[in-house]
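Engineer:
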């Protein structure tokens with residue numbers, strides 16, 4: 227993560243934290259839990275997609291030279307991505323260990339907030355939204371720079 231990406235993340239985190247602390251302690255704690263938990267979930271998803279794309283580049287066959295192309299090549303040898311391959315890739319991304327652990331952490335965190343009666347839905351949704359905005363903008367910057 228370069229300085230600009232870190233600055234965006236820290237700025238959104240700090241602004242959201244200050245705004246939620248202005249309302250109440252419950253709002254602040256809920257904002258922080260929503261922000262951190264969804265940041266970890268989105269980061270796990272992004273790293274999984276990045277890993278899958280790197281693995282996918284190795285599996286793609288090299289294009290056939292125009293001089294070797296023939297009309298007699300069966301349609302089954304056309305190197306397109308099948309629906310099964312797309313489904314398996316999505317399944318691997320959805321059930322990656324890091325992402326599942328982050329969801330378990332989120333559930334435990336929300337249960338603890340509810341148990342101690344400090345859960346504020348507005349602060350939590352604000353934290354989730356801020357996390358999505360921050361990490362999506364960082365991911366876009368990362369992809370543009372790659």
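Numbering (this note's numbering), first residue to last: 227 to 372.
In this text, a Cβ means the ideal position worked out from N, Cα and C, and glycines have one as well.
Does the pairing of the region 253-265 with the region 348-368 give three or more beta-carbon distances under 8 Å?
Structural biologist: They touch, by the three-pair rule.
Engineer: Tell whether a beta-carbon distance below 8 Å holds between residue 252 and residue 344.
Structural biologist: Numbered from 1 along the chain shown, position 26 holds the residue referred to as residue 252. Numbered from 1 along the chain shown, position 118 holds the residue referred to as residue 344. Taking 8 Å as the Cβ cut-off, residue 252 and residue 344 qualify as a contacting pair.
Engineer: Just how far apart, CA to CA, sit residue 318 and residue 331?
Structural biologist: Taking the first residue of the chain shown as position 1, residue 318 is located at position 92. Taking the first residue of the chain shown as position 1, residue 331 is located at position 105. About 20 Å.
Engineer: In angstroms, rounded to a whole number, what distance separates the CA positions of residue 184 and residue 279?
Structural biologist: Beyond the ends of the chain as shown, which are 227 and 372, falls residue 184; an answer cannot be given.
Engineer: Counting only the same chain and skipping the five closest in sequence on each side, list residues whose C-beta sits under 6 Å from that of residue 334.
Structural biologist: The residue given as residue 334 occupies position 108 in the chain shown. Nothing meets the Cβ criterion.
Engineer: Using the rule of at least 16 other Cβ atoms within 10 Å of the residue's Cβ for burial, across every protein chain shown, is residue 338 buried or exposed?
Structural biologist: As a working note, residue 338 is residue 112 in the chain shown. Label assigned to residue 338: exposed.
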